[in-house]
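S.K.: I'd like to ask some things about the structure below.
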Amino acid sequence: MKVAIASDHGGIRIRQEIKQLMEEMGIEYIDLGCECESSVDYPDYAIPVAEKVANGEVDRGILICGTGIGMSIAANKVKGVRCALVHDVYSARLTREHNDSNILAMGERVIGPGLAREIAKVWLTTEFEGGRHANRINKIHQYEQN
């Protein structure tokens, strides 16, 4: 698995935690920034990650900002992306099992680094169940094609 990860200025600390987690798990990743604590625009980081996921350059993406909301909105504008904003482990598991999410968004001002690591670990290791859920994902895909 290869993952693209990025944050704006509000998610740098958790981005570093998740990168360390992926190193521990042996997951290859590319870090698309940001490297500053001054205010930046989240679409400048969310969209490049979403495009890499959508075009198959990476398998999944992880985005972090202050709340995760802006990142998830921006990422979901890219055709083929199913970005889920998650702040608990249960939702992290279900968004993979039922929704086949390919990008995870989290908010550093909402959750701490320990919980963020747990969420990311569950999300990275959970597979899509398929079955009845695949039909629902296909309906989304069909809508995107029209």
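Be aware that the sequence shown starts at 1093, since it is given in our numbering, and climbs by one per residue. Every residue gets a Cβ at the ideal spot worked out from N, C-alpha and C, and that includes glycine.
(1) Please report the Cβ distance between N1194 and V1145, rounded to the nearest whole angstrom; I am assuming they are in contact, meaning their Cβ atoms lie under 8 Å.
(2) In the DSSP assignment, what are the bridge partners of D1123?
(3) Report back the beta-carbon spacing between K1111 and I1122 to the nearest angstrom; my notes put them in contact at under 8 Å.
(4) Could you spell out where the alpha helix (DSSP H) holding D1203 opens and where it closes?
(5) Quick check: the segment 1167 to 1185 against the segment 1214 to 1222, are there 3 or more CB pairs under 8 Å?
(6) Can you list, in chain order, the residues of its chain with a C-beta nearer than 7 Å to that of V1181? Leave out the 5 residues immediately preceding and following it.
(7) Which residue or residues does DSSP assign as beta-bridge partners of G1199?
(8) Please return the same chain residues whose Cβ sits closer than 7 Å to the Cβ of E1143, not counting the five positions on each side in sequence.
(9) Quick check: what's the CA-CA separation for L1113 versus V1202?
(10) So, using beta-carbon positions, are G1125 and G1199 closer together than 9 Å?
(11) Using the beta-carbon count (16 or more within 10 Å), is A1226 buried or exposed?
(12) Give me whichever residues DSSP pairs with H1216 in a beta bridge.
M.R.: This is what the structure holds:
(1) 5 Å
(2) I1097
(3) Actually they do not touch by this definition, with Cβ atoms about 10 Å apart.
(4) The sequence shown places Ile at residue 1203, rather than the Asp named in the question. No alpha helix (DSSP H) contains I1203, which DSSP labels as neither H nor E.
(5) yes
(6) E1210, I1211, V1214
(7) C1157
(8) V1170
(9) 19 Å
(10) no
(11) exposed
(12) Looking at the sequence itself, residue 1216 is Leu, so the reference to His does not match. BP columns for L1216 are empty, so no partner.
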